Structure formats: C-alpha cells, structure tokens
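A.B. asks: Its first residue numbered 91, the sequence shown is counted upward by one per residue in my numbering.
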Amino acid sequence: MPRLRTIWAKTWNRECEKVFTKLAVRKLLNIKSRDTINDHCLYFGYEAPFGEEQVEQLFLMNLWLRAGYGAKHGRSNFLRLKRLGKLDSEFQKLGISVEEELEKLRERIANGDHINCRTS
C-alpha cells in the first residue's frame, strides 16, 4: 500500500493580493491532471502564480467545459463567448448561476480548502 504524503499548496500575499500556485488552483477546481490546468493556462496566457481574478477565470472555464460535451463546450468557444459578452446568458441557458458558483469558490478560498491536501 502506498504511503500517503501531505502536499502543501502554497498561497501568499503579494502586494495585498492573494496569490496561488498551480497546485493550489488544481485543488480548488478539483482538477486531477497537470495537463488540464496547463492547457487552461495556455489558452488564457497565464503563468503561475495566479491572482484571485485569474483563479476565477480558470474556474469559469472549467465550469464551462464540465457543463457539456462537443465543440460547443470547448475552450475556444468559451473565449469567444467571453469576448462577445454572451457567456453569462449561455450559463443561464444551461441553468447555472455564475454568481452562486463564484461565491462558493470564494468561500472555499476563505476556508483554505486548498492548503493542506492529502494524496497517495
């Protein structure tokens, strides 16, 4: 049986802004694969460490990708809808309240759910 080890996902304050590592973001968004978070970051042009606004954008992209299947729910379509300002209406069509989901994310950040995670 493999030994469990504790992974500390770091957050720190940079000029009064909370900053997150890729590991912390993966734990917050329940992303298991490093490739997935790297692909998300590539589409946005983000590099670690991430600010809270960047974490929210990654969260929305992850929410969009999990909401459906096919080309309609791809990363490029997400960015197109975001650029056109139609993203909120598309989420409403799917029955997803963006503000409620973002509030849940902010609560998880405040509770420190990403800080001390156990993996095998």
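Quick reminder that beta carbons are idealized off the backbone N, C-alpha and C, glycines included.
What you are looking at is a predicted structure, and each value in this text was computed from that prediction instead of being measured.
Could you check whether phenylalanine 149 and leucine 177 sit closer than 8 Å to each other, using their CB atoms as the reference points?
C.D. replies: Contact flag unset, no.
A.B. asks: Determine the extent of the alpha helix (DSSP H) in which serine 123 is found, giving its start and end residues.
C.D. replies: Per DSSP, serine 123 belongs to no alpha helix (DSSP H) and is neither H nor E.
A.B. asks: If you check the beta carbons only, do glutamate 191 and leucine 153 fall under 8 Å apart?
C.D. replies: Contact flag set, yes.
A.B. asks: Taking the runs of the beta strand (DSSP E) that are 3 residues or longer, which of them lie wholly in the stretch 120-192?
C.D. replies: As far as the stretch 120-192 is concerned, it has no whole beta strand (DSSP E) run of at least 3 residues.
A.B. asks: Work out the CA separation of glutamate 197 and leucine 174 for me, nearest whole Å.
C.D. replies: Cα-Cα distance, rounded: 29 Å.
A.B. asks: I want to see whether chain B comes within less than 8 Å of glycine 202, judged by CB atoms only; does it?
C.D. replies: You won't find chain B in this structure, because it holds only one protein chain.
A.B. asks: For tyrosine 133, I'd like the list of residues in its chain whose CB is within less than 6 Å of its CB, leaving aside the five on either flank, ordered along the chain.
C.D. replies: So the list reads Arg165, once near-sequence residues are dropped.
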